[in-house]
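S.K.: Could you have a look at this structure, given as structure tokens, before my questions?
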Amino acid sequence: MKKEYLQYTIEKLAENRDFIAWVNSGRQQEEWEKFLEANPEINRNVESARKIVELLRDRQDHIDEEDASKIWKSIEKFDLESGRQPHSFKTRSILRYAAIFIAFLMIGSVGVYWFLVRDNQFYTFSTKSITRSDSQSRLLLSDGTKVNLDKQNSKISLAEEQQIVINNNKIIDLTEEKISDQTKMNEIVIPFGKKSQLILEDGTKVWLNAGTRMAFPTKFSGKKREVFLEGEAYFEVAHNKNIPFIVNTNEIAVKVLGTRFNLSAYSSDQLTEAILLEGKVSVSEQSALKFMKAETYLAPNQKASFNKELKTISVSIEPDAELAIAWTEGWFKFSQQNLNGVLNKLQRYYNVTFVFDRNFSATDLISGKLDLKDSVEQVMLALSDVADLQYRINGDKIFIEKKIKRLNMMK
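Encoded structure:
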């Protein structure tokens with residue numbers, strides 16, 4: 001892999017033919033993976049460039065003249081406000097590849113770079129994805145400080161005195177002498193088998209489920225309150241009609257003023273789901289071209305499901321919406337839910353792996369309630385009463401097979 005890639009800007013990466021081939025078709029996948037592992041400092045630029053390539057690939061056949069005109073006007077406005085003169089015609093490989101509209105060719109690199117990258121709100125976590133070998137919950141401050149969270153269910157609060165209080169006793173100083181830019185993101189990482197509660201500086205309460213990480217600032221500023229989530233969390237958002245609260249995942253953004261909702265956005269799941277309990281939220285697909293993405297509005301007891309493969313958002317009625325947040329109280333309640341979905345949640349919560357017999361089908365719909373404060377052995381015993389399965393536990397692996405029905409033999 002070329003070492004000069006280390007000096008490439010986001011824009012130059014997005015124009016590189018080898019980079020585009022890797023993003024679109026996986027060419028030289030192994031070489032790129034080794035290169036990124038050996039040079040983690042370039043990961044953020046690579047991720048942003050990847051988003052541009054994917055965006056242009058997805059949009060090249062779908063942008064009509066009206067949308068292109070909107071793009072033109074937005075970039076033109078930026079050029080005027082910043083005192084820049086429109087650049088001369090310059091055919092660029094990234095624009096030829098995208099073939100979006102002639103307006104892009106008229107603007108030049110500065111406007112395109114600003115519009116697609118500078119306004120891109122995607123976030124790259126500083127830590128690797130959570131694996132089942134992770135055992136320690138941790139807080140990563142924006143200045144690089146790492147704080148281990150020792151309890152199974154940790155509690156963190158951002159106090160008004162610019163302090164972080166952990167489990168009601170440990171205090172971390174966040175004065176300007178320690179962290180100069182309070183708008184930079186801190187990260188909380190909750191491995192499988194753990195949970196956490198977090199109170200943000202505006203009073204918003206967040207419950208973080210197992211296998212979750214979230215990025216948040218020490219102090220909100222500007223015209224929006226913004227956090228980034230991977231995993232599952234329940235939010236009780238402090239109301240502020242002037243400053244919306246936005247939760248970003250890799251696939252969707254959920255915007256609210258003050259409300260209660262649950263958001264499940266695990267990278268391993270096919271669906272990203274938002275369930276509204278109270279208030280009103282809008283859900284939209286993530287994109288650098290934000291104005292082109294329609295917002296889907298939810299009313300209480302509705303669920304928005306984003307299909308990652310189809311890139312579509314569907315809305316359904318969720319009459320038992322409160323069941324979605326039972327996990328915050330240590331319960332798992334489900335009504336006519338797919339058995340496979342139930343087992344997936346238990347896998348994350350207890351940090352175990354289910355191994356299925358090849359003849360076992362997990363498509364049955366089941367209803368019930370499990371006490372997550374119980375051991376995994378007790379939970380599996382209770383689950384076997386409502387599902388047609390039998391199990392065997394061996395360490396952190398649970399082997400599942402169809403229940404054998406025994407007939408009473410008459411003497």
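Residue numbers (this note's numbering): 1 to 411.
We put the beta carbon where it would ideally sit given N, CA and C, even for glycine.
Would you decide whether residue 102 is buried or exposed? Buried here means 16 or more other CB atoms lie within 10 Å of its CB.
M.R.: Because the pLDDT of residue 102 is 38, which lies under 50, any placement of that residue in the model is unreliable, and the number read from its coordinates should be weighed accordingly. Under this definition residue 102 is an exposed residue.
S.K.: Could you compute how far the alpha carbon of residue 42 sits from the alpha carbon of residue 16?
M.R.: Rounded to the nearest angstrom, the two C-alpha atoms are 15 angstroms apart.
S.K.: Which residues share a DSSP beta bridge with residue 199?
M.R.: DSSP, once it has assigned bridges, lists 157 and 205 as partnering residue 199.
S.K.: On the CB-based measure, 16 or more other CB atoms within 10 Å of its CB, does residue 209 come out buried or exposed?
M.R.: With 16 or more other Cβ atoms within 10 Å, it is buried.
S.K.: DSSP on residue 211, reduced to helix/strand/coil?
M.R.: Residue 211: coil per DSSP, three-state reduction.
S.K.: Report the three-state DSSP secondary structure of residue 167 (helix, strand or coil).
M.R.: Three-state DSSP puts residue 167 in coil, outside helix and strand.
S.K.: Please say whether residue 239 and residue 263 have beta carbons closer to each other than 8 angstroms?
M.R.: No, the Cβ-Cβ distance between residue 263 and residue 239 is not below 8 angstroms.
S.K.: Within the continuous alpha helix (DSSP H) that includes residue 222, where are the two ends?
M.R.: First-last for residue 222: undefined, no H or E at that position.
S.K.: Given residue 354, which residues of its chain have a CB within under 7 angstroms of its CB, disregarding the five upstream and five downstream residues?
M.R.: Around residue 354: 343, 347, 398 and 400.
S.K.: Compute the Euclidean distance between the alpha carbons of residue 340 and residue 356, then round it to the nearest angstrom.
M.R.: Rounded to whole angstroms, residue 340 to residue 356 spans 11 angstroms at the Cα level.
S.K.: Tell me, please, whether the segment 148 to 156 touches the segment 194 to 209 by the rule of three or more beta-carbon pairs shorter than 8 angstroms.
M.R.: Yes, since at least three Cβ pairs between the segment 148 to 156 and the segment 194 to 209 fall closer than 8 angstroms, the two stretches touch.
S.K.: Does the beta-carbon distance from residue 237 to residue 283 come in below 8 angstroms?
M.R.: No, they are not a contact pair.
S.K.: Please return the same chain residues whose Cβ sits closer than 6 angstroms to the Cβ of residue 188, not counting the five positions on each side in sequence.
M.R.: The residues are 139 and 214.
S.K.: Rounded to a whole number of angstroms, what is the C-alpha to C-alpha distance between residue 370 and residue 156?
M.R.: Going from the Cα of residue 370 to the Cα of residue 156 covers about 27 angstroms.
S.K.: Between 296, 235, 309 and 362, which has its C-alpha nearest residue 269's C-alpha?
M.R.: For residue 269, the nearest C-alpha among the options comes from 309.
S.K.: Could you compute how far the alpha carbon of residue 60 sits from the alpha carbon of residue 135?
M.R.: Because residue 60 carries a pLDDT of 46, less than 50, the predicted location of this residue cannot be relied on, and no value is offered for it.
S.K.: Are the CB atoms of residue 314 and residue 273 nearer to each other than 8 angstroms?
M.R.: Contact: no.
S.K.: According to DSSP, residue 390 sits in a beta bridge with which residue or residues?
M.R.: In DSSP, residue 390 forms a bridge with 401.
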